[in-house]
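Numbers -31 to -1, 1 to 445, taken from mature numbering (1 follows the signal peptide of the UniProt record, and there is no 0), label the letters of the sequence shown in order.
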Amino acid sequence: MKLFISAALATMEALSILSGILLLLLSGAQSHEPILSEKLIRDISNYSDIALKIIDYSLTGPGANQSYNRLATFVDRYGPRLSGSSNLEDSIDHMLYLLQQDGLDNVHGEEVNVTHWVRGNEKAQLLEPRSAELSILGLGSSVGTPEEGITADAVVMRSFDELEERKDEVKDRIVVFNPPYVSYPVTVAYRVNGASRASKYGAVATLIRTVGPFSIYSPHTGIQEYNSSVPAIPTACITIEDANMLDRLERAGERLTIHLYMEAQTLPMVISRNTVAEIKGSVYPDQVVVVSGHLDSWDVGQGAMDDGGGAFISWQALSIVRGLGLTPKRTLRLVMWTDEEAGGIGSQQYYQRHREDADKYSILFESDEGVFLPYGIQFSGSAEAKAILQQIGQLLVSINASEVYDNGGGTDVDWWREDKVPTASLANHNEHYFWYHHSNGDTMDVLDPEEMNLCSAVWAVYAYVLADLDDVLPRG
Ligand SMILES: *[C@@H]1O[C@H](CO)[C@@H](O)[C@H](O)[C@H]1NC(C)=O
Ligand SMILES: *[C@@H]1O[C@H](CO)[C@@H](O)[C@H](O)[C@H]1NC(C)=O
Ligand SMILES: *[C@@H]1O[C@H](CO)[C@@H](O)[C@H](O)[C@H]1NC(C)=O
Ligand SMILES: *[C@@H]1O[C@H](CO)[C@@H](O)[C@H](O)[C@H]1NC(C)=O
Ligand SMILES: *[C@@H]1O[C@H](CO)[C@@H](O)[C@H](O)[C@H]1NC(C)=O
Ligand SMILES: [Zn+2]
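Below you can see the structure in the form of structure tokens.
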């Protein structure tokens, strides 16, 4: 047995050495990695003084803690900013005023039609085997219950596979989904599709375990989507703790009865705005580099991390450039998107409106995955463009933020891939992002002023240099 194992191990080792060699050969083969022209390398290196000025300005100069302080004032005053709410529109009005006060150019809102879902009151109670309140947050786009609520027995499913196996037990029941957290993109399928998957077999409502790795009894909301081929049933998230408890009770043979009451409804679409401000380019004003984050949020917490942080470091990038008296050759444009949370509604309309100018967009940056300690950016685009970004990254070695990873972009900028426009996002230590995401825990306390200073510097250096180089980034 032992012999067998070590032989197997030896084989595996040999294999892994082989694959290592293969990788080397492959990377050797790819090492016709675009070599940048000496002129371009010189041009980029020549920004080292400016990069240092940007870093100093942001870390210890007039910009120090500015993005954090501005964001705190903003979210303490307006709180969360749900699409369709007058609160979001009031906050946009104020944002336009702030951007004007900051001396930026061409400050304006671009109107878009956005979703208008309202939560109303909501409540869930476990009735059997014992009486207990279950903390819930209705999911975005959910319908409400009838006025008297829904009282039904519940079944707990750990996966869609289990739902298929036990589909005969689902009719007239509340289905509780308790999938283990794998990763956000994987596990979010239960939040997005759970209601319709269960409705297909006659469920009357669904309660979905919060999508996240950790909870102190916090439900986390988010968008869900109905499949028009089955009835729309009310759906809400519950805490990890309650999902596990219901799971244990069911497996212990207890009958579960739950009462659910939700007033949620979707109202007609309303007009909102993408918030835009610029530093007008001195040579190629029609060409643009976009930095962005979204201003809307869910209706819980303060929308500080998601995505006040991303929106405000993007503003800060322009603020730093203006504060240093710099004017890039092409236009540096800030966009604070509206109604990202329903699926990028605001950015999609921006794309539709501006895509005819796609060849004038050098790159779009989006920060919507946290503004914690940065280590660089993630990038999607051609190998040659990536090499240019890596060269710019060298200007950020002193703050440990020079890495350029693949898979850049995000909900609000991915539209532009259709036209092969490069996109990038902020790589940062966001390991705890989903602890707070879409919950009442998304407040200023999650963020750190000095980390935001670093993020702002990364954003400003990339944005300024790319807006000032002789050419727009090459396409794939
Ligand atoms: C290098 O940058 C400075 C400004 O920082 C500029 O005055 C100078 O012309 C640049 N040199 C080259 C060779 O581009
Ligand atoms: C920035 O915030 C940090 C952390 O709160 C604080 O220690 C520092 O003194 C602040 N710096 C400035 C310039 O206000
Ligand atoms: C919003 O939608 C309405 C109805 O579809 C349309 O008439 C209007 O032009 C849209 N407004 C904007 C700003 O897109
Ligand atoms: C909607 O449900 C039908 C029937 O189950 C299925 O064939 C279809 O793929 C679903 N559509 C989406 C968008 O999930
Ligand atoms: C960069 O990393 C080094 C080594 O870990 C550390 O000493 C330094 O403080 C870091 N710099 C910043 C700006 O975080
Ligand atoms: Zn977001």
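All C-beta atoms, glycine included, are put in the ideal place defined by N, C-alpha and C.
Taking 8 angstroms as the cut-off, is the CB of residue 110 close to at least one heavy atom of ligand 4? As a working note, residue 110 is residue 141 in the sequence shown. In this structure, the C-beta of residue 110 stays at least 8 angstroms away from each heavy atom of ligand 4.
Should residue 71 and residue 288 be called a contact, given that it needs their Cβ atoms to be closer than 9 angstroms? As a working note, residue 71 is residue 102 in the sequence shown. As a working note, residue 288 is residue 319 in the sequence shown. Yes; because the gap between Cβ atoms is below 9 angstroms, this pair is in contact.
Residues in its own chain within less than 6 angstroms of residue 400 by CB, not counting five upstream and five downstream? Against the sequence shown, residue 400 aligns to sequence position 431. Cβ within range, chain order: n/a, list empty.
In terms of DSSP beta bridges, what is residue 289 paired with? On the sequence shown, residue 289 is found 320 positions in, with the first residue counted as 1. DSSP, once it has assigned bridges, lists no residue as partnering residue 289.
So, at 8 angstroms on beta carbons, what are the nonlocal neighbours of residue 444 in its own chain, with the 5 sequence-adjacent residues on each side left out? Taking the sequence shown and counting its residues from 1, the one referred to as residue 444 is at position 475. Excluding positions up to five away in sequence, the list reads 350, 351, 354, 389, 390 and 391.
When you compare each of 37, 20 and 14 to residue 422 by their alpha carbons, which one comes out closest? If you number the sequence shown from 1, residue 422 lands on position 453. Taking only the C-alpha atoms, the option nearest residue 422 is 37.
With distances taken from CA atoms, which of 147, 284 and 196 is nearest residue 67? The residue you call residue 67 lines up with position 98 of the sequence shown. Nearest of 147, 284 and 196 to residue 67, Cα basis: 284.
Would you say the beta carbon of residue 461 comes nearer than 8 angstroms to a heavy atom of ligand 6? Because the chain here runs from -31 to 445, residue 461 falls outside it and cannot be looked at.
Any non-hydrogen atom of ligand 4 closer than 8 angstroms to residue 198 Cβ: As a first step, residue 198 is located in the sequence shown; it is residue number 229 there, counting from the start. Yes - ligand 4 has a heavy atom lying nearer than 8 angstroms to the Cβ of residue 198.
Roughly how many angstroms separate the alpha carbons of residue 194 and residue 123, rounded to a whole number? Residue numbering aside, residue 194 sits at position 225 when the sequence shown is read from its first letter. Residue numbering aside, residue 123 sits at position 154 when the sequence shown is read from its first letter. Roughly 22 angstroms separates the two Cα atoms.
Look at the Cβ atom of residue 334, then the Cβ atom of residue 382, and state whether they are nearer than 9 angstroms. Locating residue 334 in the sequence shown gives position 365, where the first residue counts as 1. Locating residue 382 in the sequence shown gives position 413, where the first residue counts as 1. Closer than 9 angstroms, so yes.
By alpha-carbon positions, which one of 407, 62, 90 and 42 ends up nearest to residue 275? Here residue 275 refers to the residue found at position 306 when the sequence shown is read from its first residue. Checking every option, the nearest Cα to that of residue 275 belongs to 407.
Could you tell me the alpha carbon to alpha carbon distance between residue 273 and residue 45, rounded to whole angstroms? In the sequence shown, counting from the first residue as 1, residue 273 sits at position 304. In the sequence shown, counting from the first residue as 1, residue 45 sits at position 76. Distance between the alpha carbons of residue 273 and residue 45: 9 angstroms.
Close-in-space but distant-in-sequence residues of the same chain around residue 379 (CB under 6 angstroms, 5 per side omitted): Within the sequence shown, numbered from 1, the residue matching residue 379 stands at position 410. Hits under 6 angstroms: 335, 337 and 394.
Check whether the region 133 to 144 touches the region 168 to 177, counting contact only when three or more Cβ pairs, one atom from each stretch, lie closer than 8 angstroms. yes
Would you check if there are 3 or more beta carbon pairs closer than 8 angstroms linking the region 297 to 304 to the region 244 to 260? Flag = yes, the region 297 to 304 and the region 244 to 260 touch.
Limits of the alpha helix (DSSP H) - the one that residue 428 falls within: Looking up residue 428 in the sequence shown gives position 459. Run containing residue 428: 418 to 437, per the alpha helix (DSSP H) assignment.
Taking 6 angstroms as the limit between beta carbons, can you name the residues of its chain near residue 442, skipping five residues before and five after? As a position in the sequence shown, residue 442 is number 473, starting the count at 1. Once the five neighbours on either side are set aside, the close Cβ partners of residue 442 are 331, 332, 354 and 391.
Could you spell out the range, first to last residue, of the alpha helix (DSSP H) harbouring residue 403? Taking the sequence shown and counting its residues from 1, one reaches residue 403 at position 434. Residue range 402 to 405 is occupied by the alpha helix (DSSP H) that includes residue 403.
In DSSP terms, what residue 374 is bridged to: Taking the sequence shown and counting its residues from 1, one reaches residue 374 at position 405. Residue pairing of residue 374 in beta bridges, as defined by DSSP: 347.
Between the beta-carbon of residue 521 and the beta-carbon of residue 120, is there less than 9 angstroms? Because the chain here runs from -31 to 445, residue 521 falls outside it and cannot be looked at.
Out of curiosity, what's the CA-to-CA distance linking residue 187 and residue 206? Indexing the sequence shown from 1 puts residue 187 at position 218. Indexing the sequence shown from 1 puts residue 206 at position 237. One alpha carbon belongs to residue 187, the other to residue 206, and they sit about 10 angstroms apart.
Who's in the neighbourhood of ligand 3, going by beta-carbon under 7 angstroms from any heavy atom, listed in chain order? 80, 81, 82, 238, 240 and 318
Quick one: using the 10 Å Cβ neighbour count with 16 as the cut-off for buried, is residue 403 buried or exposed? Stepping through the sequence shown from its first residue, residue 403 is reached at position 434. Classification for residue 403: buried.
Which term fits residue 13, buried or exposed, when burial requires 16 or more other beta carbons within 10 angstroms of its beta carbon? Position 44 of the sequence shown, counting from 1, holds the residue named residue 13. Residue 13 should be labelled buried.
Nearer than 8 angstroms: is that true of the beta carbon of residue 37 relative to any heavy atom of ligand 2? Along the sequence shown, read from residue 1 onward, the residue named residue 37 stands at position 68. It does: the Cβ of residue 37 is within 8 angstroms (strictly closer) of some heavy atom of ligand 2.
Please indicate yes or no: does the CB of residue 367 lie closer than 8 angstroms to some heavy atom of ligand 5? The sequence position of residue 367 within the sequence shown is 398, counting from 1. For ligand 5, at least one heavy atom lies less than 8 angstroms from the Cβ of residue 367.
Residue range of the beta strand (DSSP E) that residue 243 falls in? Position 274 of the sequence shown, counted from the first residue, corresponds to residue 243. First-last of the beta strand (DSSP E) with residue 243: 234 to 248.
According to the neighbour-count rule (16 or more other Cβ atoms, all chains shown, within 10 Å of its Cβ), is residue 437 buried or exposed? Here residue 437 is taken as the residue at index 468 of the sequence shown, counted from 1. Buried, because 16 or more other Cβ atoms sit within 10 Å of the Cβ of residue 437.
Around ligand 2, which residues pass a check of Cβ closer than 6 angstroms to any of its heavy atoms? Taking each Cβ in turn, the ones that pass are 33, 34, 418 and 419.
Measure how close the beta-carbons of residue 105 and residue 295 come, nearest whole angstrom, since I'm counting them as under 8 angstroms. Taking the sequence shown and counting its residues from 1, the one referred to as residue 105 is at position 136. Taking the sequence shown and counting its residues from 1, the one referred to as residue 295 is at position 326. With 8 angstroms as the limit, residue 105 and residue 295 do not qualify as a contact, their Cβ atoms being about 50 angstroms apart.
With a threshold of 8 angstroms (Cβ to nearest heavy atom), would residue 353 be considered close to ligand 6? What you label residue 353 is simply residue 384 of the sequence shown in a count that begins at 1. The answer is no for residue 353.
For residue 423, verify whether its CB is less than 8 angstroms away from any heavy atom of ligand 5. As a working mapping, residue 423 is identified with position 454 in the sequence shown. Answer for residue 423: yes, Cβ within range of ligand 5.
Nearest chain C C-beta to residue 245 closer than 9 angstroms, yes or no? Among the chains of the structure shown, chain C does not appear; only one protein chain is present.
Taking 9 angstroms as the threshold (C-beta atoms), are residue 9 and residue 346 in contact? In the sequence shown, residue 346 corresponds to position 377, counting from 1. In the sequence shown, residue 9 corresponds to position 40, counting from 1. Taking 9 angstroms as the Cβ cut-off, residue 346 and residue 9 do not qualify as a contacting pair.
Can you give the beta carbon distance from residue 114 to residue 203, rounded, assuming they're within the 8 angstroms contact cut? Position 145 of the sequence shown holds residue 114. Position 234 of the sequence shown holds residue 203. Confirmed, about 5 angstroms.
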